[in-house]
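The sequence shown begins at 313 in the numbering used here and counts up by one.
Here's the structure, in structure tokens; my notes come after.
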Amino acid sequence: MFFANPLFLIALIATAIPVVVHLFNLRRYRKVYFSNVERIEELRDETRRQSRLRDILLLVCRIMTIVFLVLAFAQPTVINDSRQVHGSSAVSIYVDNSMSMRLTDSEGILLQRAKEKAKETAAAYKHSDLFQLITDDMDGSQFRWMSRDEFLLALDEIDITPVTTPLSTIVARQHDFLAQSHAANRYAYIISDMQQSTSDLESLPDDTTATTTIIPIAASGAANIYFDTLFTDAPAYHRGSVITVHAVLTNSGETAVEKVPVRLFAAGIQRAMTSTDLPAHGAVELTMTFVADMEGAADCYVETTDYPLTFDDRLYFSVNISSSMAVLAIGQPNEYIAKLFASDSLASYKHIDQREVDYATLDDYNLIIVNEPKQIPSGLADALQHYVDGGGTLLLIPASDGDITSYNNLLAQVQAPRLASWSATTAKGTALYRDAALYRGVFHSSKTDDMEMPTVKGHYRLSSSESTIHEPLIALADGDSYLSATTYGEGCLYLFASPLTAEHSDLMQQALFVPTILNMAIFSRTQQMPYYTFDHPHPIPLPHDFATGHDALHLVNGDIDIIPQLTLVARQPAIMLRQQLHTPGNYRLLNAQGQSLGISFNYSNDESLMLFLDNDEIEQALRQHASARYELLGNSQRSVEQYIKQRRDGRPLWHWCIILALLMLMAETAILKWPTSNTPTQNKSNR
313 MFFANPLFLI ALIATAIPVV VHLFNLRRYR KVYFSNVERI EELRDETRRQ
363 SRLRDILLLV CRIMTIVFLV LAFAQPTVIN DSRQVHGSSA VSIYVDNSMS
413 MRLTDSEGIL LQRAKEKAKE TAAAYKHSDL FQLITDDMDG SQFRWMSRDE
463 FLLALDEIDI TPVTTPLSTI VARQHDFLAQ SHAANRYAYI ISDMQQSTSD
513 LESLPDDTTA TTTIIPIAAS GAANIYFDTL FTDAPAYHRG SVITVHAVLT
563 NSGETAVEKV PVRLFAAGIQ RAMTSTDLPA HGAVELTMTF VADMEGAADC
613 YVETTDYPLT FDDRLYFSVN ISSSMAVLAI GQPNEYIAKL FASDSLASYK
663 HIDQREVDYA TLDDYNLIIV NEPKQIPSGL ADALQHYVDG GGTLLLIPAS
713 DGDITSYNNL LAQVQAPRLA SWSATTAKGT ALYRDAALYR GVFHSSKTDD
763 MEMPTVKGHY RLSSSESTIH EPLIALADGD SYLSATTYGE GCLYLFASPL
813 TAEHSDLMQQ ALFVPTILNM AIFSRTQQMP YYTFDHPHPI PLPHDFATGH
863 DALHLVNGDI DIIPQLTLVA RQPAIMLRQQ LHTPGNYRLL NAQGQSLGIS
913 FNYSNDESLM LFLDNDEIEQ ALRQHASARY ELLGNSQRSV EQYIKQRRDG
963 RPLWHWCIIL ALLMLMAETA ILKWPTSNTP TQNKSNR
């Protein structure tokens with residue numbers, strides 16, 4: 313507490329006046345002798361005590377009246393923020409402009425209400441103070457200081473953004489920026505609807521250099537139906553494939569909804585339609601199919617109908633249909649593999665002797681098959697290791713009389729199982745791991761009892777070490793793996809345990825042979841996710857042959873044309889989007905050679921769940937920051953400007969002093985008018 317006019321406290325010496333008056337008013341009683349004073353003595357003692365109490369109360373009331381009047385002129389003020397010091401202020405204000413701020417209530421659109429709160433906040437400070445405006449976009453232009461007038465102009469330009477940023481990230485950026493200020497006082501303000509999905513209060517930075525005030529914009533939860541996620545049944549497709557789409561539809565409302573329509577579009581044509589019932593706070597996975605009758609990138613989306621929130625009623629995704637696949641076979645010729653790829657118009661098959669390998673061109677092939685070489689030279693092994701590490705797919709088919717040491721040299725480099733002893737016994741295939749990525753979308757039934765499995769007449773036993781990571785695809789009756797897959801770097805190595813010849817196996821005569829070998833080539837291309845969200849934090853990988861480090865790529869959708877940042881991740885090209893996109897849709901990535909790749913972008917579904925933190929939940933979460941300077945302005949109807957000024961300038965108490973002085977005067981008047989006993993002993997002497 314401090315006094316605005318402390319010199320007025322000197323007037324407190326005036327409290328001596330009622331004391332002096334009280335002393336002069338003390339009068340002694342004159343004794344009067346009577347023959348019988350027994351009754352009078354009792355009355356005299358009682359009246360004297362009442363008179364003394366009355367005089368003391370009057371004295372107290374008069375003294376306190378003077379004290380409160382003097383304090384009123386001195387203007388006492390209670391300081392709310394003891395850390396406030398004299399000097400300029402740096403103020404960082406975050407205005408939530410995420411998709412949930414499009415909601416409306418009885419007071420209007422939430423974003424407009426947030427802007428009004430921000431204006432009130434700025435009005436509480438001086439024109440000479442420094443201001444920063446930050447939103448969910450967090451672009452580079454927001455990390456600068458501006459005047460109050462510039463702040464107000466920038467505030468009017470804020471619009472809804474699809475970018476979703478956790479609250480802890482926002483506050484950390486505010487505190488970092490405030491720490492660079494030389495202002496004497498530093499303040500951060502959070503104006504948000506406090507949506508649960510992004511308000512990670514438990515992760516707020518424990519910073520004591522700035523006072524952070526949370527100003528929630530009260531929002532009521534709204535029922536919403538939205539697509540939670542979508543995925544396809546296989547990582548890649550070719551023309552004529554049946555594409556199965558799995559879409560998860562979620563209902564965040566309190567009541568169940570019946571017969572919600574869902575439509576699937578591909579290449580501008582409606583391909584499927586269905587409807588479903590959604591339970592309250594529940595989700596349903598829908599399955600729809602269509603035939604890939606196109607090549608290249610297929611622009612697709614699923615949509616539903618839901619009001620009043622419509623921004624998440626459509627989910628865009630892309631399916632890239634393979635138009636060609638380059639396959640290179642090294643070593644001994646294999647008539648079965650050659651006939652398989654010769655019959656496929658999408659495949660470009662080439663066979664060479666291992667002495668003719670051009671190591672510089674290996675990355676041009678989707679699949680490299682090393683078939684029954686007598687040995688694998690160290691130079692070729694190193695080149696194949698780099699090929700797999702960079703995202704290539706390698707199939708190794710060992711010879712029954714090959715150099716196991718050279719084989720194992722390559723297998724060790726890619727952390728695959730090693731070839732051990734040769735077993736000449738005949739073994740029947742007993743298990744097919746149909747859930748593996750290689751067989752995804754191949755089988756429509758989970759039963760394998762009626763499936764013909766290969767019979768192997770001699771095979772290598774495989775040995776594994778702690779560093780070996782592999783996935784069995786076909787297992788034999790004796791427990792050994794006949795076909796296994798090892799993921800290494802960005803690529804994959806497939807390993808057969810025996811040669812693919814009629815002498816050693818009958819797999820080539822079975823229906824399983826075609827999808828096994830063909831999918832190795834189809835799935836060998838770098839796979840794109842069906843879609844990405846605008847806040848995707850990682851680089852988006854591209855096929856090796858799509859771009860080099862010097863290409864200028866264009867990401868286009870109608871009138872939108874941007875140049876993404878091109879980078880290399882483990883020798884694989886990838887693009888980075890730094891908040892360059894704000895419109896959901898099917899995009900095409902174009903390279904310098906005129907090739908295109910379909911990439912789709914959608915809003916993050918973090919904004920689709922309309923649940924918000926109330927004041928009690930916010931206060932409970934802030935309690936763990938007892939050492940930090942966090943506070944909550946919980947009353948949404950309270951003037952933010954008045955609150956800030958009161959916190960900065962303190963709460964004046966002079967009006968309370970006036971009220972208390974008046975109460976003391978009223979108490980004095982009441983005491984003077986209070987009736988007293990009137991007895992002979994009250995006859996006072998004038999002497």
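Where a beta carbon is used, it is the ideal one built from N, C-alpha and C, also for glycine.
Return the chain-ordered ranges of every alpha helix (DSSP H) run that is complete within the segment 433–490 and spans a minimum of 4 residues. 460–468
So, using beta-carbon positions, are residue 712 and residue 791 closer together than 9 Å? no
Contact test: residue 696 Cβ vs the ligand FMN heavy atom, cutoff 8 Å: With respect to the ligand FMN, the structure shown offers nothing to examine, as it has no ligands at all.
May I ask you to list the residues that DSSP assigns as paired with residue 735? 771
Could you compute how far the alpha carbon of residue 610 sits from the alpha carbon of residue 631? 5 Å
Just the C-alpha distance for residue 1056 and residue 375, rounded to the nearest angstrom, thanks. The chain is shown only over 313 to 999; residue 1056 falls outside these bounds and no answer can be derived.
Helix, strand or coil for residue 427 per DSSP? helix
Mind the definition here: the segment 432–452 touches the segment 477–491 only if three or more C-beta pairs lie below 8 Å; say whether that holds. yes
Taking the continuous alpha helix (DSSP H) assigned at residue 985, which residues delimit it? 966–985
Please list the terminal residues of the continuous alpha helix (DSSP H) segment that includes residue 556. Not the alpha helix (DSSP H): residue 556 falls in the beta strand (DSSP E), residues 554–563.
Runs of alpha helix (DSSP H) wholly within the segment 585–641 (minimum 4 residues, chain order): none
Would you mind giving the Cβ-Cβ distance between residue 303 and residue 701, rounded to the nearest angstrom? I have them listed as a contact below 8 Å. Within the shown structure, residues of the chain are numbered from 313 to 999, placing residue 303 beyond reach of any answer.
Where does residue 853 fall in DSSP's three states? strand
Proximal residues to residue 602 (C-beta, below 7 Å), its chain only, five neighbours per side dropped: 555, 576, 578, 583 and 584
Taking the alpha carbon of residue 747 as the reference point, which residue from 522, 546 and 764 has its own alpha carbon closest? 546
Spatial distance of residue 587 from residue 567 (CA atoms): 17 Å
Residue 873 versus residue 892 - alpha carbon distance: 10 Å
Would you say residue 727 reaches chain C, if we count a Cβ-Cβ gap shorter than 9 Å as a contact? No chain C appears in the structure shown, which is made up of a single protein chain.
Chain-order list of residues whose beta-carbon lies under 6 Å from that of residue 759 (same chain, five-residue window excluded): With a pLDDT of only 49 at residue 759, under the threshold of 50, the placement of this residue in the model should not be trusted, and no figure is reported.
Ignoring anything shorter than 4 residues or poking outside the segment 696–728, list the alpha helix (DSSP H) runs there in chain order. 716–725
Quick one: what's got a C-beta closer than 7 Å to residue 432's C-beta in the same chain, skipping five residues either side? 951, 952 and 953
Which residues share a DSSP beta bridge with residue 660? 638
Residue 686 by DSSP, collapsed to three states: which one? coil
List the DSSP bridge partners of residue 414. None; residue 414 has no bridge partner.
Leaving out five residues on either side along the sequence, give the residues of the same chain with a beta carbon under 8 Å from the beta carbon of residue 558. 542, 543, 544, 545, 597, 598 and 599
Measure the Cβ-Cβ separation of residue 638 and residue 683 and say whether it is below 9 Å. no
Is it a yes or a no for the segment 497–512 touching the segment 402–412, going by three-plus beta-carbon pairs under 8 Å? yes
Rounded C-beta distance between residue 732 and residue 775? I'm assuming under 8 Å. 4 Å
What first and last residue would you give for the alpha helix (DSSP H) that runs through residue 932? 927–934
Considering only C-alpha positions, which residue in the set 380, 643, 372 and 886 is nearest to residue 972? 380
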